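Engineer: In the order they appear, the protein sequences are chains A and B. The first sequence begins at 1 in the working numbering and counts up by one. The second sequence begins at 1 in the working numbering and counts up by one.
2 protein chains.
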Amino acid sequence: MSCWSGLLKLVPLPEKGILGPGDDCAAIPCGRDLLLLKTDCVAEGVHFRRGENPAKVGWKALCRPLSDLAAMGGVPGEALITFFSPPDVEEEYWEEFYRGLGRAARRFGVTIAGGEMSRQPAGIAISVTLTGRVPRRELVTRSGAGAGDLIYVTGSLGGSGRGHHLNFTPRLKEGRWIASRRLATAMMDLSDGLGADLPRLARASGCGFEVDQSLVPRNPRVTTASALSDGEDYELLFTCKPALAGRLESEWKKAFSKTRLTRIGNTTKVKSMPPDWPGGWDHFATSA
Amino acid sequence: MSCWSGLLKLVPLPEKGILGPGDDCAAIPCGRDLLLLKTDCVAEGVHFRRGENPAKVGWKALCRPLSDLAAMGGVPGEALITFFSPPDVEEEYWEEFYRGLGRAARRFGVTIAGGEMSRQPAGIAISVTLTGRVPRRELVTRSGAGAGDLIYVTGSLGGSGRGHHLNFTPRLKEGRWIASRRLATAMMDLSDGLGADLPRLARASGCGFEVDQSLVPRNPRVTTASALSDGEDYELLFTCKPALAGRLESEWKKAFSKTRLTRIGNTTKVKSMPPDWPGGWDHFATSA
Numbered sequence: 001m002s003c004w005s006g007l008l009k010l011v012p013l014p015e016k017g018i019l020g021p022g023d024d025c026a027a028i029p030c031g032r033d034l035l036l037l038k039t040d041c042v043a044e045g046v047h048f049r050r051g052e053n054p055a056k057v058g059w060k061a062l063c064r065p066l067s068d069l070a071a072m073g074g075v076p077g078e079a080l081i082t083f084f085s086p087p088d089v090e091e092e093y094w095e096e097f098y099r100g101l102g103r104a105a106r107r108f109g110v111t112i113a114g115g116e117m118s119r120q121p122a123g124i125a126i127s128v129t130l131t132g133r134v135p136r137r138e139l140v141t142r143s144g145a146g147a148g149d150l151i152y153v154t155g156s157l158g159g160s161g162r163g164h165h166l167n168f169t170p171r172l173k174e175g176r177w178i179a180s181r182r183l184a185t186a187m188m189d190l191s192d193g194l195g196a197d198l199p200r201l202a203r204a205s206g207c208g209f210e211v212d213q214s215l216v217p218r219n220p221r222v223t224t225a226s227a228l229s230d231g232e233d234y235e236l237l238f239t240c241k242p243a244l245a246g247r248l249e250s251e252w253k254k255a256f257s258k259t260r261l262t263r264i265g266n267t268t269k270v271k272s273m274p275p276d277w278p279g280g281w282d283h284f285a286t287s288a
Numbered sequence: 001m002s003c004w005s006g007l008l009k010l011v012p013l014p015e016k017g018i019l020g021p022g023d024d025c026a027a028i029p030c031g032r033d034l035l036l037l038k039t040d041c042v043a044e045g046v047h048f049r050r051g052e053n054p055a056k057v058g059w060k061a062l063c064r065p066l067s068d069l070a071a072m073g074g075v076p077g078e079a080l081i082t083f084f085s086p087p088d089v090e091e092e093y094w095e096e097f098y099r100g101l102g103r104a105a106r107r108f109g110v111t112i113a114g115g116e117m118s119r120q121p122a123g124i125a126i127s128v129t130l131t132g133r134v135p136r137r138e139l140v141t142r143s144g145a146g147a148g149d150l151i152y153v154t155g156s157l158g159g160s161g162r163g164h165h166l167n168f169t170p171r172l173k174e175g176r177w178i179a180s181r182r183l184a185t186a187m188m189d190l191s192d193g194l195g196a197d198l199p200r201l202a203r204a205s206g207c208g209f210e211v212d213q214s215l216v217p218r219n220p221r222v223t224t225a226s227a228l229s230d231g232e233d234y235e236l237l238f239t240c241k242p243a244l245a246g247r248l249e250s251e252w253k254k255a256f257s258k259t260r261l262t263r264i265g266n267t268t269k270v271k272s273m274p275p276d277w278p279g280g281w282d283h284f285a286t287s288a
């Protein structure tokens, strides 16, 4: 749906000191820290199928907003779970769902602070709200990249439909590591695919980009086109000042020896992107 | 669905200093205040019908969690909106919905800090997460009532199906007034009806209650049975120490001359409730 930015014109938005819609999370002042807030959802037939393991759906439902939190350098806090259950779903489904959700919560240090449930006519739907915290000076947004910054992605992209979309590990450690060292000028998580997401980061930062597509890290048996467009990678995309790139790359290898970090291009002053970029120019015309 | 408390055994819950599931809102430390967090939902066919005015549904979607916030003495902050939209719903529906949501947001001082949207196969569903703040010493929970406290309700009960359920005004001013004067030992909002909700407050506080049903304030053309069981009143239910009752009642009249405040009974040391109470004893046996 493309109407989101139009709808936001109809409601009051946050001012002064609060980061509102448009980034991976909202951020509101909370003592010496910023409180990060993210709401995310998964719906049957869109983000998962009925036959898929409910525990894995529960894992995914919590790990998706955790990936957004990672992209802002946050430490996870509390989650609130809302689920809509159709008449043909038994309580056992939700027990399995909660087992998977609980596994993710324990693994990443989240506690469940509340929730709500409702019947609905058809289809399973779940909304998860997640809080997190980040020291004010360590917040990383989508909008901080300057012209000439280098563009990096973590891990490998593409092929998420083979199972990764239900099994991924949000890059919380990596995001915190990058943010606490202030190595990124801008960051976001890759949920819609690099092809759609990189233009969003560039647009938010008011710059363009150049990418060598042959450098984009691909999962096995994945084409470059798929790596750019499959989506649900849940990797981090970020920019780094050239002066810090050497330190970033050498320290990354020591900290995360098993996780790839790949420089794929750079931002540009001219607000343009490669003509063969799969996201297309529309991404610059419409709000993300 | 009765499985909520069972599901909570499968996930990690908050500890030390955080108020988790079971009250109107969760509460987490945020500087000198507590940050209140509430997630609530409305689903087509359960909380509203397709033919009802979408703007009123938007009003309701935000005012329901605002009513929960009122019951903890909170001042509203930000809201995050998640909506699930079936194929047969046009963008115009969501525009109207957002107009009503925006009206409630402006009226009660809420800003929209983010959200998410998804398609789903059938039925409209909306989840709203709301933040608020309350000074630590002014938080009112469900669990603070002591034996012999007097039980009060605001407004009049019953008959919500005639339109009140889409038009109500959350008792934010009244809740803040009660909390800031520390006049309540326990408080909650009436969403499932006094019959179901009062036993929850009593159970959370570890006491019983006695109520003179003839005192329960009723809306015009509503029986006492309906006033106890219709639900969706969105009034406040609270308890007050007898020593403060005189001050409460006289100051209330000056502050809220148009809103009734009715003393309907008292809490008891013995964990029992009137044998003719419509909620039935089951409410004491199962968790709220």
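The C-beta atom is built at its ideal place from N, Cα and C for all residues, glycine as well. Quick caveat, the model's predicted, so the values are computed rather than measured.
(1) Given a threshold of 16 other Cβ atoms within 10 Å of its Cβ, counted over all protein chains shown, does residue 149 (chain B) qualify as buried or as exposed?
(2) Do we get a CB-CB distance below 7 Å when we pair residue 36 (chain A) with the residues of chain E?
(3) Thinking just about the alpha-carbon of each residue, which of B:99, B:46 and B:265 is nearest to the one in residue 198 (chain B)?
(4) With distance defined between alpha-carbon atoms, name the residue in B:110, B:174, B:114 and B:100 nearest to residue 65 (chain A).
(5) Please list the partners that residue 12 (chain A) has in chain B, where partner means a Cβ-to-Cβ separation under 8 Å.
(6) Counting only Cβ pairs nearer than 8 Å, list the residues of chain A close to residue 125 (chain B).
(7) What is the rounded straight-line gap between the Cα of residue 57 (chain A) and the Cα of residue 244 (chain B)?
(8) Would you mind working out which of A:174, A:147, A:161 and A:84 sits nearest residue 259 (chain A), comparing C-alpha positions?
(9) Using a Cβ-Cβ cut-off of 6 Å (strictly less than) and excluding sequence neighbours within five positions of residue 213 (chain A), which residues of its own chain qualify?
(10) Within this structure, are the beta carbons of residue 54 (chain A) and residue 96 (chain A) separated by less than 7 Å?
(11) Does residue 276 (chain A) come out as helix, strand or coil in the three-state DSSP assignment?
(12) Between residue 46 (chain A) and chain B, is there a C-beta pair that is closer than 7 Å?
(13) Assign residue 273 (chain B) to buried or exposed, taking buried as 16 or more other Cβ atoms, counted over all protein chains shown, within 10 Å of its Cβ.
(14) Can you grab the Cα-Cα spacing for the pair residue 47 (chain B) / residue 71 (chain B), in whole Å?
(15) Does the structure place the segment 225-235 of chain B close enough to the segment 148-164 of chain B that three or more beta carbon pairs sit under 8 Å?
(16) What ranges does the beta strand (DSSP E) occupy inside the segment 180-206 of chain A, keeping only unbroken runs of at least 3 residues that lie completely in it?
(17) Would residue 275 (chain B) count as contacting chain A if we go by Cβ distances under 7 Å?
(18) Just checking, does the segment 72-84 of chain B make contact with the segment 116-132 of chain B on the three C-beta pairs under 8 Å criterion?
(19) Go through the segment 202-273 of chain A residue by residue and report every complete run of the beta strand (DSSP E) that reaches 3 residues or more, in order.
(20) I'd like to check one pair, residue 43 (chain A) with residue 118 (chain B): are the Cβ atoms closer than 7 Å?
(21) Can you tell me whether residue 88 (chain A) is buried or exposed, with buried defined as 16 or more other CB within 10 angstroms of its CB?
(22) Is the CB of residue 99 (chain B) under 7 Å away from at least one CB in chain A?
(23) Considering residue 57 (chain B), what are the terminal residues of the beta strand (DSSP E) in which it resides?
(24) For residue 275 (chain B), which of B:98, B:269 and B:208 has the nearest alpha-carbon?
(25) Return the bridge partner residues of residue 127 (chain A) from the DSSP annotation.
(26) By alpha-carbon positions, which one of B:15, B:20 and B:269 ends up nearest to residue 147 (chain B)?
(27) Give a yes or no on whether the minimum CB-CB distance between residue 278 (chain B) and chain A is below 7 Å.
(28) Per DSSP, which one or two residues make a beta bridge with residue 48 (chain B)?
(29) Start and end of the alpha helix (DSSP H) containing residue 101 (chain B)?
(30) State buried or exposed for residue 123 (chain B), treating a residue as buried only when at least 16 other CB atoms are found within 10 Å of its CB.
(31) So with CB distances below 7 Å, who are the chain A contacts of residue 129 (chain B)?
(32) Hey, how far is the Cα of residue 69 (chain B) from the Cα of residue 196 (chain A)?
(33) State the start and end residues of the unbroken alpha helix (DSSP H) segment that holds residue 166 (chain A).
(34) Please report the Cβ distance between residue 141 (chain A) and residue 23 (chain A), rounded to the nearest whole angstrom; I am assuming they are in contact, meaning their Cβ atoms lie under 8 Å.
(35) Go through its chain and collect everything with a Cβ distance to residue 104 (chain B)'s Cβ below 8 Å, but skip five positions before and after it.
(36) Compute the Euclidean distance between the alpha carbons of residue 135 (chain A) and residue 194 (chain B), then round it to the nearest angstrom.
Structural biologist: From the atom records:
(1) If you number the second sequence from 1, residue 149 (chain B) lands on position 149. Residue 149 (chain B) should be labelled buried.
(2) The structure shown has no chain E; the protein chains it does contain are A and B.
(3) Residue mapping note: residue 198 (chain B) aligns to position 198 of the second sequence, counting from 1. Residue B:265 is the option with its Cα nearest to residue 198 (chain B).
(4) Taking the first residue of the first sequence as position 1, residue 65 (chain A) is located at position 65. That would be B:114, whose Cα lies nearest to the Cα of residue 65 (chain A).
(5) Residue 12 (chain A) sits at position 12 when you count from the first residue of the first sequence. For residue 12 (chain A), the chain B residues whose C-beta falls within less than 8 Å of its own C-beta are 102, 105, 106, 110, 111 and 112, listed in chain order.
(6) Position 125 of the second sequence holds residue 125 (chain B). Correct list: 84, 118, 120 and 125.
(7) Translated into positions along the first sequence, residue 57 (chain A) becomes position 57. Translated into positions along the second sequence, residue 244 (chain B) becomes position 244. For residue 57 (chain A) and residue 244 (chain B), the distance between alpha carbons rounds to 51 Å.
(8) As a position in the first sequence, residue 259 (chain A) is number 259, starting the count at 1. It is A:174 whose Cα lies nearest to the Cα of residue 259 (chain A).
(9) For this step, residue 213 (chain A) is matched to residue 213 along the first sequence. Closer than 6 Å at the Cβ level, and outside the excluded window around residue 213 (chain A), lie 224.
(10) The residue labelled residue 54 (chain A) in the question sits at position 54 within the first sequence. The residue labelled residue 96 (chain A) in the question sits at position 96 within the first sequence. Yes, the pair counts as a contact, with Cβ atoms nearer than the cut-off.
(11) Looking up residue 276 (chain A) in the first sequence gives position 276. Reduced to three states, the DSSP call for residue 276 (chain A) is coil.
(12) Numbered from its first residue, the first sequence carries residue 46 (chain A) at position 46. It does: the Cβ of residue 46 (chain A) has a partner Cβ on chain B nearer than 7 Å.
(13) Translated into positions along the second sequence, residue 273 (chain B) becomes position 273. Label assigned to residue 273 (chain B): buried.
(14) For the purposes of this step, residue 47 (chain B) is identified with residue 47 of the second sequence, where counting begins at 1. For the purposes of this step, residue 71 (chain B) is identified with residue 71 of the second sequence, where counting begins at 1. Answer to the nearest angstrom: the Cα atoms are 21 Å apart.
(15) Enough Cβ pairs lie closer than 8 Å, so yes.
(16) 186-190
(17) The residue given as residue 275 (chain B) occupies position 275 in the second sequence. Chain A contact via Cβ: absent.
(18) yes
(19) Counting only runs of 3 or more, we get 208-211, 235-240 and 261-268.
(20) For this step, residue 118 (chain B) is matched to residue 118 along the second sequence. For this step, residue 43 (chain A) is matched to residue 43 along the first sequence. Cβ distance < 7 Å, so residue 118 (chain B) and residue 43 (chain A) count as in contact.
(21) The sequence position of residue 88 (chain A) within the first sequence is 88, counting from 1. Exposed: under 16 other Cβ atoms inside 10 Å.
(22) Stepping through the second sequence from its first residue, residue 99 (chain B) is reached at position 99. It does: the Cβ of residue 99 (chain B) has a partner Cβ on chain A nearer than 7 Å.
(23) Here residue 57 (chain B) is taken as the residue at index 57 of the second sequence, counted from 1. Segment 54-70 is the alpha helix (DSSP H) holding residue 57 (chain B); no beta strand (DSSP E) there.
(24) Position 275 of the second sequence, counted from the first residue, corresponds to residue 275 (chain B). Minimum Cα distance to residue 275 (chain B) is reached at B:208.
(25) Here residue 127 (chain A) is taken as the residue at index 127 of the first sequence, counted from 1. Bridge partners of residue 127 (chain A): A:41 and A:82.
(26) Looking up residue 147 (chain B) in the second sequence gives position 147. The candidate whose alpha carbon is nearest that of residue 147 (chain B) is B:269.
(27) Looking up residue 278 (chain B) in the second sequence gives position 278. False, the Cβ-Cβ gap to chain A never drops below 7 Å.
(28) Taking the first residue of the second sequence as position 1, residue 48 (chain B) is located at position 48. In the DSSP output, where bridge partners are listed per residue, residue 48 (chain B) has B:44.
(29) Taking the second sequence and counting its residues from 1, one reaches residue 101 (chain B) at position 101. Run containing residue 101 (chain B): 91-108, per the alpha helix (DSSP H) assignment.
(30) Within the second sequence, residue 123 (chain B) is the residue found at index 123, counting from 1. By the beta-carbon neighbour count (other beta carbons within 10 angstroms, threshold 16), residue 123 (chain B) is buried.
(31) Mapped onto the second sequence, residue 129 (chain B) falls at position 129. Here the neighbours are 39, 80 and 129.
(32) Walking along the second sequence from the start, residue 69 (chain B) turns up at place 69. Walking along the first sequence from the start, residue 196 (chain A) turns up at place 196. Distance between the alpha carbons of residue 69 (chain B) and residue 196 (chain A): 38 Å.
(33) Within the first sequence, residue 166 (chain A) is the residue found at index 166, counting from 1. Unbroken alpha helix (DSSP H) run through residue 166 (chain A): 164-167.
(34) On the first sequence, residue 141 (chain A) is found 141 positions in, with the first residue counted as 1. On the first sequence, residue 23 (chain A) is found 23 positions in, with the first residue counted as 1. Indeed, because the Cβ distance is near 5 Å, the residues count as touching under 8 Å.
(35) Against the second sequence, residue 104 (chain B) aligns to sequence position 104. Counting only Cβ-Cβ distances below 8 Å, and skipping sequence neighbours, we find 58, 59, 62, 63, 66 and 110.
(36) Residue mapping note: residue 135 (chain A) aligns to position 135 of the first sequence, counting from 1. Residue mapping note: residue 194 (chain B) aligns to position 194 of the second sequence, counting from 1. Cα to Cα, residue 135 (chain A) sits roughly 44 Å from residue 194 (chain B).
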